[in-house]
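Written out below as C-alpha cells is the structure these notes cover.
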Amino acid sequence: MLISKATQAVALRMKDVKGQMERQLEGNNNKQRLKQQASTGSTDTLTEDPDVISDPTSDKQYVRGRLLGKGGFARCYELTESTSKVLYAGKIIPKTRISKPHQRQKLEREIHLHSQLAHHNVVQFLDYFDDDEHVYIILEICNKKSLMHTMRQRKTLTEPEVRFFLLQIIEGIQYLHSQNVIHRDLKLGNILVSDSMEIKLADFGLATRLEFDGDRKRTICGTPNYIAPEVLEKIGHSYEADIWAIGCVMYTMLVGKPPFEGSTLKETYSRVRNNKYNLPFSLHSSAKDLIKQLLNSKPEDRPGLEEILQHEFFTRGFTPTYLPPSVCHTAPRYATTDAGAVDVVDGDYKSREEPRRRFSELSSALQHLRGGRAKVTSKPPTPPSTSKHRRSSTDKTKAVTHAIKNAVSSVIESSKGQSPPKSSNNIPPSKVQEMLMTCTRHMPEEPYNSTPKYKPKGSEVLWVTKWVDYSNKYGFGYQLSDTSVGVMFNDNSRICFLPNRSTVQYIGVDRKVQIFAMTSVPQRLANKVTLLDYFATYMDEHLIKGETDLPSPLLARKGGDLESKEKSSPTKRKVLQSEPGTAVQPFMQNWTKTKDSITMYLSNGALQINFFEDHTKIVLSYNNSDHLVTYVDNERICHTYRLLHVAHYGCPAHLHARMLYSVNAVKNIVAQEAATTST
Ligand SMILES: Nc1ncnc2c1ncn2[C@@H]1O[C@H](COP(=O)(O)OP(=O)(O)OP(=O)(O)O)[C@@H](O)[C@H]1O
C-alpha cells in the first residue's frame, strides 16, 4: 500500500537523528506510527500530561517523573506512587489518540491481553484507569530502557551478549506461546531491560491470542516492524511470525542494521518477499546458520523455540551468566579466569558484578533470616481489596490466579511421558520457580495478618521429615511425612519402601518403575534393598522424630490401595507390578545442597527447602487444584497457605524471605533436572 502524501510530509519533518536511527534499526517500515502522527499532529502537540495522576478507583496518586520514551500512541513516564514511593512506568494515552473505534479496540485488546500475563521476561502489567482526557497504564519499570537504546550507543553487540539477551527473549516468547499468544511486533524498541539487566518483553498492541490448535490469523491491525513474509502476503500466520522476528532481532544485534532494510518501504517489503539479505563475512558460521534457519521464508521450516536453544550458536559459544549495566553503552571485556573459563570484566569497575536482582533477593532473604526485615523495593504493593477498587483488585487476582495456574498446567501436559517417571501431579521445577517468582512479585509486604491459613487434608502436604547424605559412598536417604523411606543412589536409580515397609518401589537407571512385595524382590536388587533397609534403620535410630502437626497422610493414593490388596491376598499378589509401570509412591527426584540450605524435589512436584541456620523449612506443593506453601518452623509447627492468597494478601516476613531465597535455590534443581533429562 502506498503511503499518503501527508504521511510522507510528516515523515520528512521527522528528520531527527534519533528517529532515523530507530527507524533504521527497526526495519524502516513504521507505517502505522507515521499514519498516526499524520492524523493527530506531531507528538509535541499532545495534550499536556498531568504532573500528578490520581487513580479514581483507588486512593493512589502517582507523581510524574522523567519521560522514559514515547510511542505512536503513548508517552511513558517514571511514576512515583505517593505513599509507598515505589517507582512504576506509566503509559499515558491521550483520549484524542484513540478517538476512532479501531484505535479504542486496539487499546482494549492490548490491556485485556497484557493484564493476563505474568512472567519474569514480560513487563508486568499492574493496573489501568482513566480520566476525562487520558487512559493510564501502570507497568513494572524497566530502568535500562530498551535494546534499541543500547544499540544506539553500541551499534553492534558481541556474540556472548547476543546469546545472553536472546536466551531471555526466547524464554519470554516461550511463555507467550504457552499462553497461545503471538507477540507479532517483536523489535528492539519493545525489548526492555530492567535494572538487573533482565529482559522484559513489552507492547502488546499487535499481539493476538490463538483460539484453537492450528488457528491462523490472516490480518493484523497495524504493521509489525520485522514483518514476516506470511504476514505480508496475508496467507495466514501463527507463532512462526515471532520466530522470524527473533531472527531479525538477532541479525540486527550482530550486524547493526536490520536484515531487509531498503531505501523505501516498497523495497524493504520486496526484500522480505524475496528473502534477500546479506550475511556479513565477519559473522561466525554458527551465527550465520542460525540466522538462515530463523529467516526461512517457509514458516513451517523455521526451528521451534526449543530447537533454537539446541543450536550450536548457543551450545558451543560462551554465554555470560550476568552482564553489567555498563553494556548499555560500552562493550564488556571478556577475560579468561585462572580456571580457564571465560568471564566478563565489568567495563566500568573492572570487577565482577552479580546481577542486582539475585543479589538483592539473596541479601534481603539473608537479612530476614538474621531477624531483620529488608525492604523489597522492586515489588509493587497490592492495593487493598475493596468494592471501590472495582476493576484492578479482581482483575489482578484473576491475573495472578491465571498466571499461577498457567505456570503449571501447560507444562504438566508437555512433560507427560518424560522421564524420570512422574506421578500425575508432577510440576517441573522450572514451573515451581516461575510460580514462586510470580507470587513473590505480586505479593504485598503488608498486610499479612488477614492471609487465610489453609488446613491441609491427608497427604496434601507431603514433605521430607528426615534425610541423610551418604552420597560420598552410596547415595541420599530420606523419609517422607507419610513414613515411606527412600534412597536416591549415586547411579541415579531410586528405591523406596512404601509406608507399610513391606512393598518396594524401584526406579531403574532406565527410569522404569517396578513394584514388588518385599518377599519377591528379585536377586539383582537385593543389595539395593539391603542398603535401603540400612538407611531406614539409621534414620529411625539416629534422627529425631519428624512429626509435625500436619494431619497424618491417609493411604488414599494408588499405593495404599495396592498395599491393602496385598495384605488381603498376599500369595496372589506377591509381585505387585513387575512390568514397568507408574510410580505409586512419590520419591526423591533430585536434591542439591549449599552451606546454608538443602533443596529437595519430589516426584510429585513438591519442592522443599530446609534452612540450616534456624532449622526451618518451606514446602511448595500442589493438591490438584491449588498451589500451597507450607512454612515449618523450628518447633515443627506447620503453617500452610494457598499460594494465590499469599500473592494477593502477602504473608509473614519470615515466609516472604524464604520464598525469595527459594527462587534462587530452585535454580540449582532446574539446572540439575535439565542435565538429567538431557542425558
Ligand atoms: N515499562 C516500561 N519501562 C520503561 N520504559 C518503558 C516501559 N514501557 C514503555 N517504555 C518506553 O516508552 C516507549 C513507548 O511505549 P510503547 O512502545 O509501549 O508505546 P506505544 O505508543 O503503545 O507504542 P507503539 O507506537 O509501538 O504502539 C517505549 O519505546 C519505551 O522506551
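So for the sequence shown, UniProt numbering puts the first residue at 1; every next one is plus one.
Think of the CB as a built atom: it goes at the ideal place given N, C-alpha and C, for glycine as much as any other residue.
Just checking Ile111 against ligand 1 - is the residue's beta carbon closer than 8 Å to any of the ligand's heavy atoms?
no
Return the residue from the list Arg154, Tyr251, Ala207 that minimises the CA-CA distance to Glu26.
It is Tyr251 whose Cα lies nearest to the Cα of Glu26.
Name the two residues that bound the continuous beta strand (DSSP E) containing Glu81.
75–81
With respect to 8 Å, is the separation between the Cβ of Asn143 and the closest non-hydrogen atom of ligand 1 below this value?
yes
Would you say Cys248 touches ligand 1, meaning its beta carbon is less than 8 Å from a heavy atom?
no
Given that a residue counts as buried once 16 or more other Cβ atoms are within 10 Å of its Cβ, and exposed if not, what is Lys155?
exposed
The beta strand (DSSP E) spanning Ser597 covers which residue range?
Residues 597–602.
Mark Thr96 as exposed unless 16 or more other C-beta atoms lie within 10 angstroms of its C-beta, in which case mark it buried.
exposed
Just the Cα atoms here: how many angstroms apart are Asp130 and Pro50?
12 Å
Going by Cα to Cα distance, which pick from Ile98, Leu157, Lys200, Leu186 is closest to Leu139?
Lys200
Report all residues from its chain with a CB closer than 7 Å to the CB of residue 724; omit the five preceding and five following residues, and keep chain order.
Any question about residue 724 goes unanswered here, given that the chain covers just 1 to 679.
My output table needs one value for Met197: the three-state DSSP class, helix, strand or coil.
In the three-state reduction of the DSSP assignment, Met197 falls in the coil class, being assigned neither a helical nor a strand state.
Please work out which residues of its chain come closer than 6 Å, Cβ to Cβ, to Asp55, disregarding the five sequence neighbours upstream and downstream, and give them in chain order.
Phe129
Considering only the alpha carbon of each residue, which of Ile495, Phe611, Arg163, Lys667 lies closest to Glu312?
Arg163
Find out if the Cβ-Cβ distance for the pair Thr605, Pro456 is shorter than 9 Å.
Reading off the sequence shown, one finds Gly at residue 605, where the question assumed Thr. Cβ distance not < 9 Å, so Gly605 and Pro456 don't count as in contact.
Output needed for Val670: all residues of its chain with C-beta closer than 7 Å, excluding positions within five of it in sequence on either side, in chain order.
Pro429, Ser430, Gln433
On the criterion of 16 or more Cβ atoms from any shown chain inside 10 Å, does Glu171 qualify as buried, or is it exposed?
buried
Residue 699 to Pro299, Cα distance in whole Å?
Past the boundaries of the shown model lies residue 699; the chain is included only from 1 to 679, so the question cannot be answered.
Mind checking who Lys593 pairs with in its DSSP beta bridge?
BP columns for Lys593 point to Ile598.
Start and end of the beta strand (DSSP E) containing Asp469?
464–470
Excluding the five sequence neighbours on either side, which residues of its own chain have a C-beta within less than 6 Å of the C-beta of Asn623, listed in chain order?
Glu460
Using 8 Å as the cut-off, classify the Cβ of His149 as near or not near the heavy atoms of ligand 1, replying yes or no.
In terms of side-chain proximity, the C-beta atom of His149 is found nearer than 8 Å to a non-hydrogen atom of ligand 1.
Tell me which residues share the same chain as Ala665 and place their Cβ nearer than 7 Å to its Cβ, disregarding the 5 neighbours each side in the sequence.
Ser597, Thr599, Ile609
Hey, is Asp203 close to ligand 1, as in C-beta under 8 Å from one of its heavy atoms?
yes
Relative to the C-alpha of Lys245, which candidate in Glu307, Ile173, Val255, Pro280 has its C-alpha closest?
In the sequence as presented, Lys is not what sits at residue 245; that position holds Ala. Of the listed residues, the one whose Cα sits closest to Ala245 is Ile173.
Can you give me the C-alpha to C-alpha distance between Val123 and Asp203, rounded to a whole angstrom?
9 Å
How is the alpha helix (DSSP H) around Phe516 delimited, first residue to last?
Careful: Phe516 lies outside any alpha helix (DSSP H), inside the beta strand (DSSP E) at 513–517.
Between which two residues does the beta strand (DSSP E) holding Val461 run?
Taken as a continuous stretch (DSSP letters only), Val461 belongs to no beta strand (DSSP E), as it is neither H nor E.
Would you check if there are 3 or more beta carbon pairs closer than 8 Å linking the segment 216–228 to the segment 282–291?
Inter-segment contact for the segment 216–228 and the segment 282–291 is absent: fewer than three beta-carbon pairs are separated by less than 8 Å.
Specify, as a first and last residue, the run of the alpha helix (DSSP H) that Tyr175 falls within.
159–178
Indicate the three-state DSSP secondary structure (helix, strand or coil) for Leu498 in the structure shown.
coil
Quick one: what's got a C-beta closer than 8 Å to Leu643's C-beta in the same chain, skipping five residues either side?
Ile404, Met435, Cys439, Leu620, Asp626, His627, Leu628, Val629
Going by the C-beta, is Asn190 closer than 8 Å to any heavy atom of ligand 1?
Yes - ligand 1 has a heavy atom lying nearer than 8 Å to the Cβ of Asn190.
Which residue marks the beginning of the beta strand (DSSP E) containing Gly475, and which one marks its end?
475–480
Just how far apart, CA to CA, sit Val231 and His237?
6 Å
First and last residue of the beta strand (DSSP E) that includes Cys638?
638–642
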